[in-house]
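Inspection log for the structure reproduced underneath, given as structure tokens.
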Amino acid sequence: MHCRFFFPSMFLLLGLGLTWAAYSPGLGGGFQFDDFANLPVLGVTGPTDNWPAFWRFITSGTADPTGRPLTLLTFLLDAQNWPANPFPFKRTNLALHLLNGALLALLLRQLSRSAINASDGYHINLAAVIGAGMWLLHPLLVSTTLYIVQREAMLPATFTLLGLMAWLHGRDAITQGDGWRGLAWIAVGLGGCTVLGVLSKANGILLPALALVVEYVLLRSTSSQEHSITPVELYRQRIYRRSMWLFGWLPTAIVGGYLLEQGWSGFTRGISSVRPWTLGQRLLTEPRVLLDYLDLLWLPRPFTPGLFNDHIQASTLWWSPATTLPAMLTVLGLIVGAWLLRQRWPAAATAVLFYFVGQSLESSTVALELYFEHRNYLPAMLMFWPLALWLCDVRMPKPTNSSRHSCASRSPAPWLERAWRRWAPASAGATAIFRDSPQGKTQLASGRTSKAKLALAVLILLGLALMTYARASLWGNSHDQALLWARLNPESPRAQANAAQVEMTAGQPERAAQRLLPALAKAPDQVQLAINLFSAQCMLGDVDETTLAASRHALRTTRDPGALLVSWFDQAMGQVAQPPCPQLSYATLDGLLQAALANPHLASNPGRQQDIHYLLGHLALLQGDADTALAEFNQALDNQVRIAAALKQAAMLGASGYPQQGLAHLDHLAAEPAQSYQPGFGMPRIHAWVLERQQYWPKELAHLRATLRDDATQQARTTE
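Take 1 as the starting number for the sequence shown in this note's numbering and just add one per residue.
Structure, rendered in structure tokens:
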């Protein structure tokens with residue numbers, strides 16, 4: 001193999017191996033945060049070990065209109081039921097990260113060749129490998145790669161890389177006169193890969209816009225036109241231009257229109273009450289967030305705030321906080337400056353604009369949470385390529401330069417060196433003569449500079465690897481990780497609650513209580529702090545009245561407790577029979593639920609109302625009050641008609657010895673209008689169609705009804 005391929009290829013293989021070694025300590029870590037909200041679907045209808053179960057699972061996603069089915073499909077590589085072992089999930093994520101790094105190296109090589117229009121030189125290949133290696137080994141990406149559910153962020157990156165490479169291949173084919181083959185590659189790249197990316201996560205739809213960034217900032221800024229356009233070339237340009245209108249500009253316009261519609265809707269109708277900020281405040285805040293991302297990317301560190309960023313203060317005015325306006329101007333300056341300087345520094349301008357376009361869906365008018373590190377995974381892919389080009393002495397051509405550039409032609413008087421090597425006598429004296437000549441001195445200085453830059457590149461990669469190793473080691477130790485995150489995020493209720501749960505699991509409730517008391521005083525509406533403090537004090541044997549009052553206040557004022565409401569109360573009800581403290585009683589739990597029922601934020605949330613009435617019914621059932629339980633379960637069903645919830649509640653009634661009430665609850669479900677539990681647009685509707693085709697719910701209802709009838713009959717015989 002020619003050295004121009006061999007050395008970069010070996011460098012890439014070493015980088016992939018180094019990345020695996022750096023990440024390996026984190027493979028033993030556990031599930032985190034949103035993993036528990038998304039992965040249990042693996043076993044919600046039983047093991048996914050047959051085709052009917054497969055189709056139920058693959059269409060069960062609720063995130064995005066598409067439900068992200070391709071991401072769900074990849075989870076089946078790791079487990080087919082729940083609970084599951086986290087190791088296979090993390091191993092697959094790491095393998096996908098390595099694949100993305102290799103694809104990125106190929107893309108950077110292809111971009112260099114397209115922009116420079118040169119033969120595949122050694123320096124171009126090496127720059128591509130180093131640029132990909134810096135991204136691959138960056139410690140910020142640990143929180144994407146080892147966070148299992150964020151495979152949703154990794155797969156769109158895979159399809160974006162594949163799509164860009166296919167598009168560039170098609171672009172070259174059209175330029176060379178093979179129009180149909182070029183169109184096919186562009187359709188596969190910008191059409192097919194966009195669809196696959198969207199089926200993994202919605203930000204996959206940004207692929208066409210990212211291709212336009214590369215086209216107009218990099219490729220057109222470095223192209224040269226030294227002759228008049230022939231009719232054939234004009235025809236090829238027309239074919240390419242039309243294909244880009246269809247596969248590039250049209251989807252980009254759709255995305256732009258969607259973001260504008262979201263902005264208009266957010267300003268005129270408002271956003272969900274779950275968010276403690278308005279859309280305008282979000283737009284003021286995101287420039288600060290983006291600059292913080294860039295700080296983490298360009299000044300890497302082994303430890304960052306991690307997953308818990310709910311403490312981020314939203315900007316309320318241009319000058320509140322004071323960094324709001326400067327951040328806005330800085331981001332605007334970076335975008336405008338990159339565009340204006342695209343011809344002088346095309347690679348750097350491409351990296352900057354690629355980054356901001358890549359952030360446009362999750363950091364603009366869509367009312368998502370303000371901050372997550374994993375949002376940098378795809379946008380940062382070209383971030384370190386300009387540095388790699390400089391380290392490898394690769395310079396992008398100016399538009400007025402010749403269209404033929406190669407890495408070797410950059411050095412001064414290359415023809416003189418080649419001639420000297422061919423004709424000069426191979427003697428020490430001749431070598432000394434060349435070394436002492438002006439051209440020889442220049443060549444030697446250039447060689448020393450290149451070696452120094454290569455050494456710097458190696459040091460950068462090793463430094464990144466060490467930081468990634470340190471961070472991955474933390475991800476492999478859930479206990480220490482939770483405590484560090486709590487220390488780095490002192491104002492984050494999530495981080496403090498998570499650390500308290502870890503401390504309670506480790507048998508240290510006193511530490512958990514000491515942690516939660518000041519945090520709850522700062523954020524009294526945070527129910528996760530209040531109920532965990534209740535649990536910690538209960539483990540210590542007594543819950544004081546102040547904590548009880550704080551728990552009621554938090555449940556009465558919280559914006560949305562999420563799944564925590566059901567999980568904590570179900571666990572607490574399971575302990576009431578043998579409570580660790582006297583305050584854990586039916587009366588106390590009922591008082592807490594009544595406080596939640598009075599919460600005005602939850603009153604307009606049908607899902608949370610259903611949760612509260614379900615819990616009240618469960619509480620009544622534990623006390624032997626079947627009629628009250630039935631009434632609460634019926635009320636829960638009236639708030640949000642879900643067949644799965646009705647089945648669960650009817651089964652609970654039957655299992656507690658009240659099959660007649662269970663049958664009555666199923667009758668209540670049958671009396672609900674059919675349209676009241678019709679799913680909305682997107683994958684939920686497809687999922688409902690799959691269940692209908694399989695007759696899943698009728699079979700489940702018939703089976704449960706038959707079981708309850710048998711139990712009722714047996715109960716009647718026993719009483720006689």
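For each residue, glycine too, the CB sits at the ideal point set by N, CA and C.
In this text the structure is predicted, and so the values were computed from the model without any measurement.
Annotation: residue 554 to residue 528 spans about 9 Å, alpha carbon to alpha carbon.
Short of 6 Å from the beta carbon of residue 454, and not among the five residues preceding or following it, lies no beta carbon of its own chain. Note on geometry: alpha-carbon atoms of residue 187 and residue 181 lie some 10 Å from one another. Here residue 165 is buried. Its C-beta has 16 or more other C-beta atoms within 10 Å. With respect to the C-alpha of residue 125, the residue from 10, 170 and 18 having the closest C-alpha is 10.
With fewer than 16 other Cβ atoms inside 10 Å of its own Cβ, residue 50 counts as exposed. Contact between the region 371–391 and the region 317–328 is not established, with fewer than three Cβ pairs separated by less than 8 Å. Residue 355 sits away from residue 312, with the two beta carbons spaced by 8 Å or more. Distance from the CA atom of residue 686 to the CA atom of residue 648, rounded to whole angstroms, is 23 Å. Note on residue 490: under 16 other CB atoms within 10 angstroms of its CB, so exposed under the neighbour-count rule. In terms of Cβ geometry, residue 482 and residue 458 do not form a close pair [threshold 8 Å].
Contact between residue 57 and residue 71 is absent: CB atoms are separated by about 12 Å, not below the 8 Å threshold. Here DSSP, grouped into helix, strand and coil, assigns residue 357 to helix. By the Cβ-count criterion, residue 639 is buried, with 16 or more other Cβ atoms from all chains shown falling within 10 Å of its own Cβ. For the set 495, 301, 590 and 688, the Cα lying nearest the Cα of residue 467 is the one of 301.
If you look at residue 113, you'll find it in the alpha helix (DSSP H) that goes 86–116. Residue 176 and residue 35 have their C-alpha atoms roughly 48 Å apart. Non-local beta-carbon contacts of residue 334 in its own chain, meaning distances under 7 Å to residues more than five positions away in sequence, involve 352 in chain order. Within a 10 Å sphere around the beta-carbon of residue 572 sit 16 or more other beta-carbons, which makes this residue buried. Annotation: the continuous alpha helix (DSSP H) that includes residue 262 extends over 250–268. Remark: C-beta atoms of residue 617 and residue 629 approach each other more closely than 8 Å. Rounded to the nearest angstrom, the Cβ distance from residue 464 to residue 137 is 4 Å, consistent with a contact under 8 Å. Residue 46 is bridged by DSSP to 44. In the structure shown, the three-state DSSP call for residue 320 is strand.
Judged by beta-carbon spacing, residue 59 lies beyond the 8 Å limit of residue 641, meaning their Cβ atoms are not closer than that value. If you draw a straight line from the Cα of residue 158 to the Cα of residue 198, it is about 12 Å long.
Residue 272 and residue 511 have their alpha carbons spaced roughly 35 Å apart. Of the candidates 116, 266 and 92, the residue whose Cα lies closest to the Cα of residue 343 is 116. A check of alpha carbon separations from residue 155 across 74, 232, 171 and 213 identifies 74 as the nearest.
In the DSSP annotation of this structure, the continuous segment of the alpha helix (DSSP H) that includes residue 163 starts and ends at 151–175.
Under the three-state reduction of DSSP output, residue 193 falls in the helix class.
Within the model, the alpha-carbon separation for residue 367 versus residue 277 is close to 9 Å. Residue 352 sits in a helix when the DSSP states are folded into three classes.
Residue 585 is classed as exposed because its beta carbon has fewer than 16 other beta carbons within 10 Å across all chains shown. Collapsing the DSSP output to three states places residue 272 in coil.
In the structure shown, residue 591 falls within a helical segment according to DSSP collapsed to helix, strand and coil.
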